[in-house]
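Here's the structure we're looking at; comments come further down.
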Amino acid sequence: MKAILQSLGSVHSRCSVSSLAWLVYALVQVLHQDRDVMPGDIMGVTSAILGMLTLSCMAVFPIVRHHHNVFERTHRFAGANSSNVTSLVGIGQGMT
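Position 63 of the sequence shown, counting from 1, maps to 63 under the numbering used here, and the rest follow consecutively.
Below is the structure:
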C-alpha cells in the first residue's frame, strides 16, 4: 500500500513540474512571437498562474518541506488559486 501511495505522489509531482514547464514554454512562445496580438489581461492572468505554480513547486524543496505547515499552506493556497483563476478565465471567455 505504501508503494502505491508513493507512486501516486510521484505522478502528482511530475505533473506539477510538467505543467510548469509547459506554461513557461507557452508564455515564452507568445512573448517571442505574438506579443502584439495577445491581450494584456491574458498575459497578466497567465503570469499570475505561472507565479502560483512556481511557488507551489518551490514549496516541495526539502528546506521548505521540513516545515510541514508552511508547505501545506503554500501548496493549498497556490493550487486552489491557480485552479480558481483558470476557471474564472474559462467562464469569462464563455461569456464574451
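Beta carbons are placed, not taken as given, at the ideal position from N, Cα and C, and that holds for glycine.
Stretch-stretch touch, CB-based, cutoff 8 Å, three pairs: the segment 74 to 81 with the segment 46 to 59: With three or more CB-CB distances shorter than 8 Å, the segment 74 to 81 counts as touching the segment 46 to 59.
What is the C-beta distance between residue 45 and residue 89, in whole angstroms, given that I count them as a contact (C-beta under 8 Å)? Within the sequence shown, numbered from 1, the residue matching residue 45 stands at position 45. Within the sequence shown, numbered from 1, the residue matching residue 89 stands at position 89. The Cβ separation is near 6 Å, so the contact holds.
Looking at residue 50: is its Cβ nearer than 8 Å to the Cβ of residue 23? Taking the first residue of the sequence shown as position 1, residue 50 is located at position 50. Taking the first residue of the sequence shown as position 1, residue 23 is located at position 23. Against a cut-off of 8 Å, the Cβ pair of residue 23 and residue 50 comes out as a contact.
Would residue 26 be called buried (16 or more neighbouring beta carbons within 10 Å of its own) or exposed? Numbered from its first residue, the sequence shown carries residue 26 at position 26. Looking at its Cβ environment, which holds fewer than 16 other Cβ atoms inside 10 Å, residue 26 is exposed.
Which runs of the alpha helix (DSSP H), 4 residues or longer, sit entirely within the segment 15 to 67? Fully enclosed alpha helix (DSSP H) runs of 4 or longer: 40 to 58 and 62 to 65.
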